[in-house]
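Trainee: The structure under discussion is supplied below as structure tokens; questions concerning it will follow.
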Amino acid sequence: MNIEFVLVTGATGFIGAHIIDALLAHGLRVRGATRSLAKGEAMIKARPQYTDQLEFVQIDDFEHPGGLVDAVKDVDGIIHTASPFTYNTTNNEKELIIPAINGVKAVFEAASTTNPKIRRIVLTSSFASVMTVNRKAPPYFTYTAADWNPLTYAEAADKATTPVVAYRGSKKFAELAAWEYIRAKKPSFDLVSLCPPMTFGPVVHPVDAVEKLNESNAMLWNVASGSSLPVARVPFWIDVRDLAQAHVGALLGEDVGGRRYTPASPERFSYALAAGIIREEFGGLRDRVSREEQGVDESHGLDGETAARELGYSYRSFRETVSDLVKQALEMEKEGS
Ligand SMILES: NC(=O)c1ccc[n+]([C@@H]2O[C@H](COP(=O)([O-])OP(=O)(O)OC[C@H]3O[C@@H](n4cnc5c(N)ncnc54)[C@H](OP(=O)(O)O)[C@@H]3O)[C@@H](O)[C@H]2O)c1
Numbered sequence: 002m003n004i005e006f007v008l009v010t011g012a013t014g015f016i017g018a019h020i021i022d023a024l025l026a027h028g029l030r031v032r033g034a035t036r037s038l039a040k041g042e043a044m045i046k047a048r049p050q051y052t053d054q055l056e057f058v059q060i061d062d063f064e065h066p067g068g069l070v071d072a073v074k075d076v077d078g079i080i081h082t083a084s085p086f087t088y089n090t091t092n093n094e095k096e097l098i099i100p101a102i103n104g105v106k107a108v109f110e111a112a113s114t115t116n117p118k119i120r121r122i123v124l125t126s127s128f129a130s131v132m133t134v135n136r137k138a139p140p141y142f143t144y145t146a147a148d149w150n151p152l153t154y155a156e157a158a159d160k161a162t163t164p165v166v167a168y169r170g171s172k173k174f175a176e177l178a179a180w181e182y183i184r185a186k187k188p189s190f191d192l193v194s195l196c197p198p199m200t201f202g203p204v205v206h207p208v209d210a211v212e213k214l215n216e217s218n219a220m221l222w223n224v225a226s227g228s229s230l231p232v233a234r235v236p237f238w239i240d241v242r243d244l245a246q247a248h249v250g251a252l253l254g255e256d257v258g259g260r261r262y263t264p265a266s267p268e269r270f271s272y273a274l275a276a277g278i279i280r281e282e283f284g285g286l287r288d289r290v291s292r293e294e295q296g297v298d299e300s301h302g303l304d305g306e307t308a309a310r311e312l313g314y315s316y317r318s319f320r321e322t323v324s325d326l327v328k329q330a331l332e333m334e335k336e337g338s
């Protein structure tokens, strides 16, 4: 698909910044949307070779979306990555679910009513909108992009529920809103959604302290810091650089419009595996990292092969991902001390 100028929301976040770098390396022009132009300016400053290709626009918080008409102006494609991803909440529905859904609706509405040049929107959904928490093997089963999380809105928004459950709902109902918009309004653009599991890897967005790492990487950093090991809720993961390539493939692929994908490494992970890699690769951390044992859940699978084949990328190893992130986080820790 011939797309030259792309709006990326969530542009100063962990995944969005990698998507920006992958698009720039492909020679595309990129506009990042952010609530904080200071972070956008830091992104441009860190990429002096791309000052002609990269710009930022300020948008409002998705609790009350605004600024999107300016954001979608003149672009011919959108990658909508922005969505709240934090488990540190006081009101799950207000902080997670509503902004996730509002964000999708506002981006799609601005695109379809003000810019007929837009040909495709790629949505960063999540494996959270695919998985069924109570589905247990045996027998062995493999999740695919045809699966949907059965969680209801009422369950996700229940005041007594956890932020983890509410986040799963936020991703499911935001993705459903996107597909429903396409079905009901038949805009001039098509949609590709990507449903990745836990995403790890080095950061290229502005992070000024190791304590401020994004939610998923913070889990790995906790392991490197010697915390007791968390239990992986799912054994599936992807490297952020591979996921960025998946987004580029989803944006530019000729025959992928209307498709939903589950990009995921064929390797399973556990935090004990991460701990073992950290001990082997970083001698100085050998005594600090937990030696707790954890099995790796091989009882079921997730189809990441279809995404890699059709979107044109391959998967890094868990060793490379963990090593690259921990190496970078150790440098950040040293600079901060
Ligand atoms: N990390 C993972 O393991 C993982 C796995 C599967 C899917 N995902 C999905 O990938 C996307 C990016 O996640 P990430 O890990 O890169 O998280 P992140 O670093 O926290 O980035 C999230 C971005 O979304 C924007 N955002 C958050 N809440 C918002 C709100 N209320 N209104 C407007 N913008 C808001 C932020 O933009 P500004 O602060 O710049 O305004 C931020 O840049 C999310 O959709 C997430 O659900 C993540």
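Quick note on the working numbering: the sequence shown kicks off at 2 and runs consecutively.
Quick reminder that beta carbons are idealized off the backbone N, C-alpha and C, glycines included.
1) Tell me the DSSP bridge mates of SER194?
2) Taking DSSP as the reference, what is the three-state secondary structure of TRP238?
3) Mind listing, in chain order, the residues whose beta carbon lies closer than 5 Å to a non-hydrogen atom of ligand 1?
4) Considering only DSSP beta bridges, list what TYR314 is partnered with.
5) Taking the alpha-carbon positions, what's the ARG320 to VAL70 distance?
6) From CYS196 to PHE128, what distance separates their C-alpha atoms?
7) Do VAL249 and HIS27 have their C-beta atoms closer together than 7 Å?
8) Let me check understanding here. Comparing Cα to Cα, which of PRO117, THR115, LEU326 and ILE16 lies closest to TRP222?
9) Using CA atoms only, rank isn't needed, just tell me which of PHE6, GLY11 and ARG261 is closest to GLY78.
10) For ALA18, which residues from the same chain have a beta carbon less than 6 Å from its beta carbon, with the 5 sequence-adjacent residues on both sides left out?
11) Quick check on TYR316: buried or exposed, where buried means 16 or more other Cβ atoms within 10 Å of its Cβ?
12) Going by DSSP in three states, ARG184 sits in which element: helix, strand or coil?
13) By the DSSP assignment, the alpha helix (DSSP H) with HIS19 in it spans what residues?
14) Under the DSSP definition of a beta bridge, which residues are partnered with THR200?
15) Which residues does DSSP list as the beta-bridge partners of ILE79?
16) On the three-state DSSP scale, how would you describe GLN50?
17) Three or more C-beta pairs under 8 Å: does that hold for the segment 105-118 against the segment 131-144?
18) I need the straight-line Cα distance from GLU311 to SER84, nearest angstrom please.
19) So what does DSSP say about ALA34, is it helix, strand or coil?
20) Is it true that the segment 181-191 meets the segment 270-289, where meeting means three or more beta-carbon pairs spaced less than 8 Å apart?
21) Does the segment 135-149 come within contact of the segment 100-107, defined as at least 3 CB pairs closer than 8 Å?
22) Is there contact between the segment 166-176 and the segment 266-273, where contact requires at least three CB pairs shorter than 8 Å?
23) For ILE60 versus ALA34, is the C-beta spacing smaller than 7 Å?
24) Pick helix, strand or coil for GLN59, following the three-state DSSP scheme.
25) If we call anything under 7 Å between Cβ atoms a contact, is GLY259 one with ASP148?
26) Going by CA-CA distance only, name the one from SER226, PRO264, SER300 and ARG234 that's closest to ILE279.
27) Hey, PHE86 and GLU212 are a contact pair by Cβ (cut 8 Å); roughly how many whole angstroms apart?
28) On the CB-based measure, 16 or more other CB atoms within 10 Å of its CB, does LEU303 come out buried or exposed?
29) Measure from the alpha carbon of VAL1 to the alpha carbon of each residue in ALA39, LEU55 and MET44, then state which is nearest.
30) Considering TYR141, what are the terminal residues of the alpha helix (DSSP H) in which it resides?
31) Using only the alpha-carbon positions, how far apart do GLY313 and ALA247 sit?
32) Please determine, among ALA245, ALA138, ALA308 and ILE4, the residue with the shortest C-alpha to C-alpha distance to VAL235.
33) Closest by CA to PRO203, which one among SER228, PRO188, ASP209 and ASP240?
34) Pop quiz: ILE99 and GLU64 are said to be a contact at Cβ under 8 Å. What is the actual Cβ separation, rounded to whole angstroms?
Mentor: According to the structure data:
1) One-based indexing of the sequence shown puts residue 194 at position 193. Answer is LEU124 and ARG261, bridged to SER194.
2) As a working mapping, residue 238 is identified with position 237 in the sequence shown. Strand.
3) Those residues, listed in chain order, are GLY11, THR13, GLY14, PHE15, ILE16, THR35, ARG36, ASP62, PHE63, THR82, ALA83, SER84, PRO85, PHE86, PRO100, THR125, SER127, PRO197, MET199, THR200, ASN215 and SER217.
4) For the purposes of this step, residue 314 is identified with residue 313 of the sequence shown, where counting begins at 1. Its beta-bridge partners do not exist; DSSP assigns none.
5) Mapped onto the sequence shown, residue 320 falls at position 319. Mapped onto the sequence shown, residue 70 falls at position 69. Distance between the alpha carbons of ARG320 and VAL70: 42 Å.
6) Position 195 of the sequence shown, counted from the first residue, corresponds to residue 196. Position 127 of the sequence shown, counted from the first residue, corresponds to residue 128. Cα to Cα, CYS196 sits roughly 5 Å from PHE128.
7) Taking the first residue of the sequence shown as position 1, residue 249 is located at position 248. Taking the first residue of the sequence shown as position 1, residue 27 is located at position 26. Taking 7 Å as the Cβ cut-off, VAL249 and HIS27 qualify as a contacting pair.
8) Taking the first residue of the sequence shown as position 1, residue 222 is located at position 221. Cα-wise, what sits closest to TRP222 is LEU326.
9) Locating residue 78 in the sequence shown gives position 77, where the first residue counts as 1. It is PHE6.
10) Position 17 of the sequence shown, counting from 1, holds the residue named residue 18. Contacts found: VAL205 and HIS206.
11) Position 315 of the sequence shown, counting from 1, holds the residue named residue 316. Buried, since its Cβ has 16 or more Cβ neighbours within 10 Å.
12) Against the sequence shown, residue 184 aligns to sequence position 183. Judged by DSSP in its simplified three-state form, ARG184 adopts helix.
13) Sequence index remark: in the sequence shown, residue 19 carries index 18 (1-based). Membership of HIS19 in the alpha helix (DSSP H) is indicated by the continuous run 15-26.
14) Translated into the one-based positions of the sequence shown, residue 200 becomes position 199. Its beta-bridge partners are ILE239.
15) Taking the first residue of the sequence shown as 1, we reach residue 79 at position 78. Per DSSP, LEU8 and ILE122.
16) To locate residue 50, count along the sequence shown from 1; it is residue 49. Helix at GLN50.
17) No, the segment 105-118 is not in contact with the segment 131-144.
18) In the sequence shown, counting from the first residue as 1, residue 311 sits at position 310. In the sequence shown, counting from the first residue as 1, residue 84 sits at position 83. SER84 has its alpha-carbon roughly 26 Å from the corresponding atom of GLU311.
19) Taking the sequence shown and counting its residues from 1, one reaches residue 34 at position 33. In this structure, ALA34 counts as strand in the three-state DSSP scheme.
20) By the C-beta criterion, the segment 181-191 is judged not to be in contact with the segment 270-289, since fewer than 3 inter-stretch pairs fall below 8 Å.
21) Here the segment 135-149 does not lie against the segment 100-107, with fewer than 3 beta-carbon pairs under 8 Å apart.
22) No, the segment 166-176 is not in contact with the segment 266-273.
23) Walking along the sequence shown from the start, residue 60 turns up at place 59. Walking along the sequence shown from the start, residue 34 turns up at place 33. In this structure, ILE60 lies near ALA34, with their beta-carbon atoms less than 7 Å apart.
24) For the purposes of this step, residue 59 is taken as the residue at position 58 of the sequence shown. In the three-state reduction of the DSSP assignment, GLN59 falls in the strand class.
25) Taking the sequence shown and counting its residues from 1, one reaches residue 259 at position 258. Taking the sequence shown and counting its residues from 1, one reaches residue 148 at position 147. Contact flag unset, no.
26) If you number the sequence shown from 1, residue 279 lands on position 278. Taking only the C-alpha atoms, the option nearest ILE279 is SER226.
27) For the purposes of this step, residue 86 is taken as the residue at position 85 of the sequence shown. For the purposes of this step, residue 212 is taken as the residue at position 211 of the sequence shown. About 17 Å; that fails the 8 Å criterion.
28) Taking the sequence shown and counting its residues from 1, the one referred to as residue 303 is at position 302. The C-beta of LEU303 has 16 or more other C-beta atoms within 10 Å across all chains shown, which makes the residue buried.
29) The question about residue 1 has no answer, for the chain in this structure spans 2 to 338.
30) As a working note, residue 141 is residue 140 in the sequence shown. Per DSSP, TYR141 belongs to no alpha helix (DSSP H) and is neither H nor E.
31) Locating residue 313 in the sequence shown gives position 312, where the first residue counts as 1. Locating residue 247 in the sequence shown gives position 246, where the first residue counts as 1. If you draw a straight line from the Cα of GLY313 to the Cα of ALA247, it comes to about 7 Å.
32) Within the sequence shown, the letter at position 234 stands for residue 235. Among ALA245, ALA138, ALA308 and ILE4, the Cα nearest to that of VAL235 is on ALA138.
33) For the purposes of this step, residue 203 is taken as the residue at position 202 of the sequence shown. Sorting SER228, PRO188, ASP209 and ASP240 by C-alpha distance to the C-alpha of PRO203 places ASP240 at the top.
34) Indexing the sequence shown from 1 puts residue 99 at position 98. Indexing the sequence shown from 1 puts residue 64 at position 63. Correct: roughly 7 Å between the Cβ atoms.
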